[in-house]
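Be aware that the sequence shown starts at 47, since it is given in the numbering used here, and climbs by one per residue. Report on one structure; see the data block that follows.
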Amino acid sequence: MRTKKIPDFKYFLLIVMIGCGCIGGGYFCYVSAVLSVLLLGALVYQLWCAKRLLISCDINLLAFSLISVSYFLVSLWAVDSGMSLMGGMKFLPVILLFLLMCQITEAERQELIGWLPLAGSVMTVLSFLMMQIPACKTLVSTAGRLGGFFQYPNTYALFMLICFIVAVLRLENLKKDWRQAVHCLIALFGIYLSGSRTVFALMLLCILLLLAWKKENRKYLFLCVGIFTAVLAVIFAVGGSGLMERLTTLSDQASTFWGRLLYARDAVVMIAKYPFGMGYYGYYFVQQEMQTGVYSVVSVHNEFLQLILDVGIFPAICFYGAILKSLFDRRKQGTEKLRDKLVLLVVLLHSLFDYDFQFLVMYGVLMLFLSLKDKKEIKLSMASTVAVGIGLLAVSAGAIAVGGSDYLYMQNRLESSIQFYEGNTMAKIGLLLQAEDSENMGKTADSILEANEHVPVAYSAKARAAFADGDVDAFIDNKLTAIRLGPYHREEYTDYMETLAWCEQEFLKTGDTKSAAYCLERAEEIPEMLEEVKERTSTLGWKIKDQPETEISQEEQELLEEMRAM
47 MRTKKIPDFK YFLLIVMIGC GCIGGGYFCY VSAVLSVLLL GALVYQLWCA KRLLISCDIN
107 LLAFSLISVS YFLVSLWAVD SGMSLMGGMK FLPVILLFLL MCQITEAERQ ELIGWLPLAG
167 SVMTVLSFLM MQIPACKTLV STAGRLGGFF QYPNTYALFM LICFIVAVLR LENLKKDWRQ
227 AVHCLIALFG IYLSGSRTVF ALMLLCILLL LAWKKENRKY LFLCVGIFTA VLAVIFAVGG
287 SGLMERLTTL SDQASTFWGR LLYARDAVVM IAKYPFGMGY YGYYFVQQEM QTGVYSVVSV
347 HNEFLQLILD VGIFPAICFY GAILKSLFDR RKQGTEKLRD KLVLLVVLLH SLFDYDFQFL
407 VMYGVLMLFL SLKDKKEIKL SMASTVAVGI GLLAVSAGAI AVGGSDYLYM QNRLESSIQF
467 YEGNTMAKIG LLLQAEDSEN MGKTADSILE ANEHVPVAYS AKARAAFADG DVDAFIDNKL
527 TAIRLGPYHR EEYTDYMETL AWCEQEFLKT GDTKSAAYCL ERAEEIPEML EEVKERTSTL
587 GWKIKDQPET EISQEEQELL EEMRAM
């Protein structure tokens, strides 16, 4: 029983999770900034009213604390400290959400779980309707695949699979629970419309496990699956087979599968070099110089590896250890036990093939199914409450800076974004790509490289600025650095050769044969540089759809011959 002094956070958490889910699933930093202020404000209110906190002192607390704290801590040695601090703000709500989750009772947690199927159904129906409106289509879909309010089909599909598991295990009597049957059908259609092959396979696994578990529920499962299959057959018959072709096309599946293995293969090499993490976006920046195939991804599509890449080995092991501990917890019984284990299993497996936990709402969903035991009451003094209040003010200031910068970056207001937060390297890169004169190009590139020396486009910009100033040696040095950091950026080789050819011609006009010969010598190295790219490309790199261009083109060969003939 609650006293009047103790706040009831059940509906607050429900509203927060729904709100977070509706705004990109909490993927963007500006959403995290707002969430941090709201959640910390709720904790201050809890301390003010009750003078205590309930905390589950177990591996869950350790795991979520490490995730939130490590993103700030790793900024001390991160590839890009400014972006790492943005990551700290993005994942700060994780521990705050966990602390608030500890304040509600087990019964209230079960009630929140019961809301998931309805939330998933409403999102699916609204998203499907929005897909029919051209102006709204891109807000809820990607390449014709339904992504819900997450705007990402694969994680949306995982959420709908969780909703399906919850709904199907609430089916006890069809007349009594007809709403759960509707939720099951909508969840199945959402998964189909997402086109997610991994979730489709996990869904089939769940259906088999559910059929084997309880005989009483088999007829309802058969009914839902039967109706779903019949409607799919009708859709297929009238020509709506695009998503079905995606689910069954082996060539696309093979390329995607090999691509994920390639990401993981290269990530392991990076982990060996950076075992304590590279910070938020560190993987994206270092990836270009260490990859062994043609790709560009912000996330490695494996949350275990992503956590290690971001914040190091120990936090990642603790987080997945917490999931495994709850997965093998024997204290729960009956339907609730099966439901929690199925949800944790599919979340665990899917997170090894995608970046689900880049969406904050998925942390909230995960916390609902973890075993939160051994809650202890921590009484805090008024001084502690004041300290947390001061922390709220500090977080609010950080939220305004980081959140405002991220939001303006998303709106392509790059200069304003940088004014809000100087450490937003992605905004600086965007500004660099828009620069038209060599002076601004050079200044912006220098600003980027002061914080992060792993940005090939910045060195390429410095090369262009040096060329505009007539400094050929600086052009060559910076261009070679850009190529070293991004060896698969094929356009850099072409630009390098064309510029060297122009320089050679200009040197010959002035009678500077030594400098002209130097330009030719450098140009002669380009075929060898491309051969090195070919040799570094791994077996997996040759199996994916995008292949490296490791041969000089006919036009480049002719240009090289012209340089030799001068």
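Ideal Cβ placement from N, Cα and C applies to all residues, glycine included. Computed from a prediction, not measured in an experiment: that's the story for all the values here.
Spatial neighbours of residue i in its chain, beta-carbon cut-off 6 Å, leaving aside the 5 residues before and after
i    : result
L162 : C209 and V212
T49  : Because the pLDDT of T49 is 46, which lies under 50, any placement of that residue in the model is unreliable, and the question is left without a value.
Q337 : D312
F137 : I113, S114 and Y117
S599 : none
F374 : none
Closest Cα partner of residue i within the set the options
i    : options                   : result
L239 : M249, Q226, P199 and A258 : P199
I627 : G516, M176, E468 and S242 : Nothing about residue 627 can be reported from this structure: the residues present for the chain run from 47 to 612 only.
V332 : A313, F350 and H347       : A313
I354 : A247, D492 and I113       : I113
H500 : Y327, S121 and G557       : Y327
D519 : A562, I64 and E154        : A562
F521 : L531, H535 and D541       : D541
S102 : F399, L143 and M63        : L143
T527 : M575, M147 and S430       : M575
T545 : E602, T585 and E349       : E602
G339 : G367, T585, F246 and L84  : T585
A227 : L164, L418, P361 and L384 : L164
Rounded straight-line distance, which links the Cα of residue j to that of residue i
i    : j    : result
A497 : A445 : 21 Å
S301 : K589 : 7 Å
I237 : G190 : 13 Å
A611 : N524 : 27 Å
G323 : Q404 : 16 Å
S82  : D386 : 27 Å
R582 : S111 : 39 Å
L394 : L131 : 27 Å
P533 : E335 : 7 Å
G451 : Q465 : Note that residue 451 is Ser in the sequence shown, not Gly. Their backbone Cα atoms lie some 8 Å apart in a straight line.
L93  : S342 : 45 Å
G305 : G437 : 43 Å
L370 : I317 : 23 Å
E154 : L414 : 10 Å
L175 : L185 : 12 Å
L308 : L251 : 26 Å
I424 : R98  : 5 Å
C78  : R510 : According to the sequence provided, residue 78 is Ser. The question's Cys does not apply to it. Going by the C-alpha atoms only, they are around 38 Å apart.
R530 : E570 : 17 Å
L192 : C75  : 23 Å
D492 : S484 : 12 Å
Close Cβ partners of residue i (< 8 Å) along its chain, the five nearest in sequence each way excluded
i    : result
Y455 : S463, N470, M472, A473 and G476
E577 : T596
A481 : M487, T490 and A507
N219 : Residue placement at N219 is flagged as unreliable, the pLDDT there being 46, under the threshold of 50; the coordinate-derived value follows with that caveat. Answer for N219: no residue qualifies.
Endpoints, beta strand (DSSP E) assigned at residue i
i    : result
K421 : K421 to K425
R98  : R98 to S102
Per-residue DSSP class, three states only, for residue i
i    : result
L418 : coil
T596 : coil
T188 : strand
N486 : helix
T471 : helix
I363 : helix
Y320 : coil
K371 : helix
K525 : helix
Y401 : coil
N200 : helix
F195 : helix
T585 : coil
R306 : helix
Range of the contiguous alpha helix (DSSP H) that encloses residue i
i    : result
Q603 : Q600 to A611
A429 : M428 to M456
Y73  : Neither: Y73 is in no alpha helix (DSSP H) and is coded neither H nor E.
M129 : S127 to C148
M176 : E152 to M177
S561 : T559 to E570
Q226 : W224 to S240
S114 : I105 to L119
W548 : R536 to K555
V392 : G380 to S397
M336 : G328 to M336
E349 : E349 to V357
K591 : Where K591 is concerned, there is no enclosing alpha helix (DSSP H), given that its DSSP letter is neither H nor E.
L460 : L460 to F466
Cutoff 7 Å; reference residue i; Cβ partners in own chain excluding five residues on either side
i   : result
L18 : No answer is possible for residue 18: the residues shown for the chain start at 47 and end at 612.
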